[in-house]
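Protein chains: 2
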Amino acid sequence: MEIPYKIYLEENEMPKQWYNVRADMKNKPAPLLNAGTHQPATLDELSVVFCEELAKQELDTETAYIDIPEEIIGFYKMYRPSPLVRADCLEKALGTPAKIYYKFEGNNTSGSHKLNSAIAQAYYAKKQGLKGVTTETGAGQWGTALSMACAYFGLDCKVFMVKVSYEQKPFRREVMRTYGANVTPSPSDTTEIGRKILEQFPGTTGSLGCAISEAVEVAVKSEGYRYVLGSVLNQVLLHQSVIGLETMTACDKFGIKPDTIIGCAGGGSNLGGLISPFMGRKLRGEADYEFIAVEPASCPSFTRGKYAYDFCDTGKVCPLAKMYTLGSGFIPSANHAGGLRYHGMSSTLSQLYDDGLITARSVEQTSVFAAAQQFARIEGILPAPESSHAIRVAIDEALKCKETGEEKTIVFGLTGTGYFDMVAYQKFNDGEMSDYIPTDEEIAKSLANLPQV
Amino acid sequence: MEIPYKIYLEENEMPKQWYNVRADMKNKPAPLLNAGTHQPATLDELSVVFCEELAKQELDTETAYIDIPEEIIGFYKMYRPSPLVRADCLEKALGTPAKIYYKFEGNNTSGSHKLNSAIAQAYYAKKQGLKGVTTETGAGQWGTALSMACAYFGLDCKVFMVKVSYEQKPFRREVMRTYGANVTPSPSDTTEIGRKILEQFPGTTGSLGCAISEAVEVAVKSEGYRYVLGSVLNQVLLHQSVIGLETMTACDKFGIKPDTIIGCAGGGSNLGGLISPFMGRKLRGEADYEFIAVEPASCPSFTRGKYAYDFCDTGKVCPLAKMYTLGSGFIPSANHAGGLRYHGMSSTLSQLYDDGLITARSVEQTSVFAAAQQFARIEGILPAPESSHAIRVAIDEALKCKETGEEKTIVFGLTGTGYFDMVAYQKFNDGEMSDYIPTDEEIAKSLANLPQV
Numbered sequence: 001m002e003i004p005y006k007i008y009l010e011e012n013e014m015p016k017q018w019y020n021v022r023a024d025m026k027n028k029p030a031p032l033l034n035a036g037t038h039q040p041a042t043l044d045e046l047s048v049v050f051c052e053e054l055a056k057q058e059l060d061t062e063t064a065y066i067d068i069p070e071e072i073i074g075f076y077k078m079y080r081p082s083p084l085v086r087a088d089c090l091e092k093a094l095g096t097p098a099k100i101y102y103k104f105e106g107n108n109t110s111g112s113h114k115l116n117s118a119i120a121q122a123y124y125a126k127k128q129g130l131k132g133v134t135t136e137t138g139a140g141q142w143g144t145a146l147s148m149a150c151a152y153f154g155l156d157c158k159v160f161m162v163k164v165s166y167e168q169k170p171f172r173r174e175v176m177r178t179y180g181a182n183v184t185p186s187p188s189d190t191t192e193i194g195r196k197i198l199e200q201f202p203g204t205t206g207s208l209g210c211a212i213s214e215a216v217e218v219a220v221k222s223e224g225y226r227y228v229l230g231s232v233l234n235q236v237l238l239h240q241s242v243i244g245l246e247t248m249t250a251c252d253k254f255g256i257k258p259d260t261i262i263g264c265a266g267g268g269s270n271l272g273g274l275i276s277p278f279m280g281r282k283l284r285g286e287a288d289y290e291f292i293a294v295e296p297a298s299c300p301s302f303t304r305g306k307y308a309y310d311f312c313d314t315g316k317v318c319p320l321a322k323m324y325t326l327g328s329g330f331i332p333s334a335n336h337a338g339g340l341r342y343h344g345m346s347s348t349l350s351q352l353y354d355d356g357l358i359t360a361r362s363v364e365q366t367s368v369f370a371a372a373q374q375f376a377r378i379e380g381i382l383p384a385p386e387s388s389h390a391i392r393v394a395i396d397e398a399l400k401c402k403e404t405g406e407e408k409t410i411v412f413g414l415t416g417t418g419y420f421d422m423v424a425y426q427k428f429n430d431g432e433m434s435d436y437i438p439t440d441e442e443i444a445k446s447l448a449n450l451p452q453v
Numbered sequence: 001m002e003i004p005y006k007i008y009l010e011e012n013e014m015p016k017q018w019y020n021v022r023a024d025m026k027n028k029p030a031p032l033l034n035a036g037t038h039q040p041a042t043l044d045e046l047s048v049v050f051c052e053e054l055a056k057q058e059l060d061t062e063t064a065y066i067d068i069p070e071e072i073i074g075f076y077k078m079y080r081p082s083p084l085v086r087a088d089c090l091e092k093a094l095g096t097p098a099k100i101y102y103k104f105e106g107n108n109t110s111g112s113h114k115l116n117s118a119i120a121q122a123y124y125a126k127k128q129g130l131k132g133v134t135t136e137t138g139a140g141q142w143g144t145a146l147s148m149a150c151a152y153f154g155l156d157c158k159v160f161m162v163k164v165s166y167e168q169k170p171f172r173r174e175v176m177r178t179y180g181a182n183v184t185p186s187p188s189d190t191t192e193i194g195r196k197i198l199e200q201f202p203g204t205t206g207s208l209g210c211a212i213s214e215a216v217e218v219a220v221k222s223e224g225y226r227y228v229l230g231s232v233l234n235q236v237l238l239h240q241s242v243i244g245l246e247t248m249t250a251c252d253k254f255g256i257k258p259d260t261i262i263g264c265a266g267g268g269s270n271l272g273g274l275i276s277p278f279m280g281r282k283l284r285g286e287a288d289y290e291f292i293a294v295e296p297a298s299c300p301s302f303t304r305g306k307y308a309y310d311f312c313d314t315g316k317v318c319p320l321a322k323m324y325t326l327g328s329g330f331i332p333s334a335n336h337a338g339g340l341r342y343h344g345m346s347s348t349l350s351q352l353y354d355d356g357l358i359t360a361r362s363v364e365q366t367s368v369f370a371a372a373q374q375f376a377r378i379e380g381i382l383p384a385p386e387s388s389h390a391i392r393v394a395i396d397e398a399l400k401c402k403e404t405g406e407e408k409t410i411v412f413g414l415t416g417t418g419y420f421d422m423v424a425y426q427k428f429n430d431g432e433m434s435d436y437i438p439t440d441e442e443i444a445k446s447l448a449n450l451p452q453v
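Just so you know, the protein sequences line up as chains D and Z, in that order. Sequential numbering from 1 applies to the first sequence in the numbering used here. Sequential numbering from 1 applies to the second sequence in the numbering used here.
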């Protein structure tokens, strides 16, 4: 069968079940712990914060396939299947014998893969009869995705947006408002934790960890609300498995055999979603792949962090998670990949990384934007800064193949578009972008405050 | 055959030829006239301004099908075929018996259909051995598209961007710069006409007509450069026929029979592209359709303009075109659909309208943004303000069907996305958007300055 330039699956080839990679893991990811008792968090405890069905998914380490409800499949059909694209203009420009494919998740208004989990979480909230949900957003992709999902199901949506993004990305904010969301800059005086942080640090421009604490507080204190999160959690990786499942179906259909699969990694939602089904095959001994997680050198949780229990948020109101972490007090420098600035990494991916099943690489942002610009000009898509981390390493790998003559098949996740990141592109265009790599001392200092578990 | 929610044609079903509707028109569109002699512009005259092959296409009123060069098909495959989507969530929300489909052209980095002609024009410039091209851009969609196309073929690209847009849309400018284009705010002191206009109107924020004059001047005076234009011209409608051809192929494949086809109309590139092949069938007596052109009430060239020869630009350096026009001195109020603010309309569409083959409707921008918001929330895509004119009328038509019980099939063109139009959305979200309709006196005054032909 001739392989089209862009592979779009038929609607009836779209996944009808999500894949839960934990079911095939021998070493299961460590459980979330109650922050007070340090005992594994129970379904009842989690259900205070999360929708019940999502709390169940969070705890389920055994069920390999979970049915995707009809309503969610209906929504997925509005923007999925996403295309698996052969980057053959890029291959030619690089002069590489490698074959490069990318799974493009940016063709929806939220501009990223985040919508895959947003719609699932909104659905379960609606099904539980809730009035609405709360969340935080940094770069704004998750907040946008959730706003769209909530508009679709008629749910109220309260977004705490990290103050610096709220001010620097007014357009992201307006997209959320267009979808009817209520957007508050964080820290705010609308929550106890927000007021406390503002008192302590009057000039703070906020952080993800702080916005999480505010969103959780409002969810727990408001009748008919729950908190939802766009990354890190097991449930999110579960929903995001649609990315990998579609990719695998497309590869199988056209006889494409990936050698290397590359994804950017912040909290892990994209990487986990893309690699999960392939990882399943690897875990079951059916195939082998090299998986590369790419993170910013400014926030290197895999490559320089510690595998330990840590707080998920600044206010320490969330359960503890065992993960590769830089410490919950770690403040990454102001790099332009806002989606990759979280201090920790998904527990599931952390375990897989610790087991040597994933490799990781950190890259500096000027080299990331150089790759982004090159990709934009050659392949026509203006990539998000986050996604461009994967592009950087895909190009590097392809150039290695040029040296060795290897005809590797490289697949990477192009998670989104950069339309709302033009301030960053402008800095790059003007030659004013810099790199910052934290010192060992900075990281050690931040790691000194891990909880004693 | 079951109709999928989104119809993506197979790559081998994509058009291999453009369709030139002029070949089937009994009353041909009036020719461009030399601005000095008032005689029909010759190939030689046009070739000073335009690439030669494009000048030929401009003048060709006989050839119905023109082969699309392989290189252009190769580029089209990077972002085409575009989907024809059933708006069934919208239908349900409206409670209409009408079936609504939209052809979505926004899934590419330029964010609109403009890329279809940009890549063709860049290709012919490259083939002619030129160094580069010049153009103007208002809202920025055309400039972005052309920058992408020029980056792909390694051509220099000089864009004159209407000053008010240059300042209000810095992100559009940065996308163009990311693609390597040279962007100058217009009027500028880099051209004679620019300096003249600046002298006359020191505080002017520019206009499309003025930017066209500057771009043409630079093209004519620079060795190895030609001028390219994103709308109005016959060649542009020819290239944009891919929209209509794909739509028709998809409709035929799945037995969809459109009754009403709706497109927004500024210079006519989208409307012309979408309806051309259907119009061909109508002209040949093979089928009948209702075509509706939708224009802003603030710039109503079809509904309130005059069918006459007029200047295409402020500096009066371009050939004269016979078209529905509001007069080349007409300054539309600052509405937010920058792509629909041109004073004139494509000659081809003007002739078809004059022959009663197209109807037209004008709509006010607050009602357009209400439709945009409704569509965004229900169908998940954040539409461009321009495209939202078509959404407004598609919704109105569907609501009429609700009253009458008619099961009409409505197809409209969703030309692009609104990611760079959030200032406008913010105004609407804040309840600060207003409407402005020019008075009869204003239009009459502007029309008093038509050239004497």
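For glycine and all other residues, C-beta sits at the position ideal for the given N, C-alpha and C.
Selected residue, minimal CA-CA separation from residue i, among the options
i        : options                                : result
Val411/D : Gly315/D, Phe428/D, Ile261/D           : Ile261/D
Ala360/Z : Gly431/Z, Lys316/Z, Gly268/Z, Cys318/Z : Gly268/Z
Asn20/Z  : Gln235/Z, Cys318/Z, Phe420/Z           : Gln235/Z
Tyr289/D : Ser298/D, Phe50/D, Tyr79/D, Phe278/D   : Phe278/D
Val164/Z : Pro187/Z, Thr42/Z, Cys157/Z            : Pro187/Z
Glu2/Z   : Lys253/Z, Lys257/Z, Gly224/Z, Phe375/Z : Lys253/Z
Asp259/Z : Tyr5/Z, Asp60/Z, Cys251/Z              : Cys251/Z
Cys401/Z : Lys127/Z, Ile7/Z, Ala98/Z, Gln128/Z    : Ala98/Z
Ser207/Z : Phe160/Z, Thr109/Z, Ile243/Z, Leu382/Z : Phe160/Z
Gly209/D : Leu271/D, Asp156/D, Ile193/D, Ala219/D : Ile193/D
Ile443/D : Gln452/D, Ser367/D, Phe302/D, Lys427/D : Phe302/D
Cys150/D : Lys221/Z, Arg377/Z, Asn429/Z, Tyr419/Z : Arg377/Z
Gly344/D : Asn335/D, Asp355/D, Ile331/D, His336/D : Ile331/D
Cβ-Cβ separation, residue j to residue i (assumed contact under 8 Å), whole Å
i        : j        : result
Ser327/D : Asp313/D : It should be pointed out that residue 327/D corresponds to Gly in this sequence rather than to Ser. Not quite, the Cβ-Cβ distance comes to about 13 Å (not below 8 Å), so this is no contact.
Pro15/Z  : Ile66/Z  : In fact, because the Cβ distance is near 11 Å, the residues do not count as touching under 8 Å.
Val363/D : Ala297/D : 6 Å
Glu174/D : Met148/Z : About 25 Å separates the two Cβ atoms, so there is no contact after all.
His239/Z : Ala120/Z : 4 Å
Glu246/D : Ser346/D : Not quite, the Cβ-Cβ distance comes to about 20 Å (not below 8 Å), so this is no contact.
Lys463/D : Val232/D : With chain D covering 1 to 453 only, the question about residue 463/D has no answer from this structure.
Cys425/Z : Thr178/D : It is Tyr, not Cys, that sits at residue 425/Z in the sequence shown. Going by Cβ atoms, the distance from Tyr425/Z to Thr178/D rounds to 5 Å, so yes, they are a contact pair.
Trp142/D : Gly280/D : About 26 Å; that fails the 8 Å criterion.
Opposing strand residues paired with residue i [DSSP bridges]
i        : result
Ser362/D : Glu295/D
Gly263/Z : Ala293/Z
Phe104/D : Leu414/D
Met323/D : Ala308/D
Arg392/Z : None, per the DSSP bridge assignment.
Gly431/D : Bridge partners of Gly431/D: none, in fact.
Arg226/Z : Val133/Z
Lys6/D   : Val85/D
Sequence-distant residues of its chain with Cβ nearer than 7 Å to residue i (five each side left out)
i        : result
Ala139/Z : Ser165, Gly338, Gly339
Tyr123/Z : Pro69, Glu71, Ile72, Phe153
Ala55/Z  : Leu43, Leu46, Ser47
Nonlocal neighbours in the same chain, by C-beta distance under 8 Å from residue i, ignoring five residues either side
i        : result
Val216/Z : Val49, Thr134, Tyr227, Asp313, Gly315, Val317, Cys318
Lys77/D  : Glu11, Met14
Contact set for residue i: own chain, Cβ-Cβ below 6 Å, skip 5 residues either direction
i        : result
Val85/Z  : Lys6, Tyr102, Phe104
Asn108/D : Tyr79, Leu115
Asn27/D  : Gln351, Asp355
Legend entry - Residue ranges of each beta strand (DSSP E) within the segment 403-427 of chain D, 3 or longer: 409-414
Legend entry - Secondary structure, alpha helix (DSSP H): runs of 4+ residues fully inside the segment 135-215 of chain D: 141-153, 163-168, 170-178, 192-200
Inset, instruction - Enumerate, from N- to C-terminal direction, the unbroken alpha helix (DSSP H) stretches of 4 or more residues contained entirely within the segment 25-50 of chain Z. - result: 43-49
Inset, instruction - Would you list, in sequence order, the uninterrupted alpha helix (DSSP H) runs of no fewer than 4 residues that lie entirely inside the segment 61-97 of chain D? - result: 70-79, 88-94
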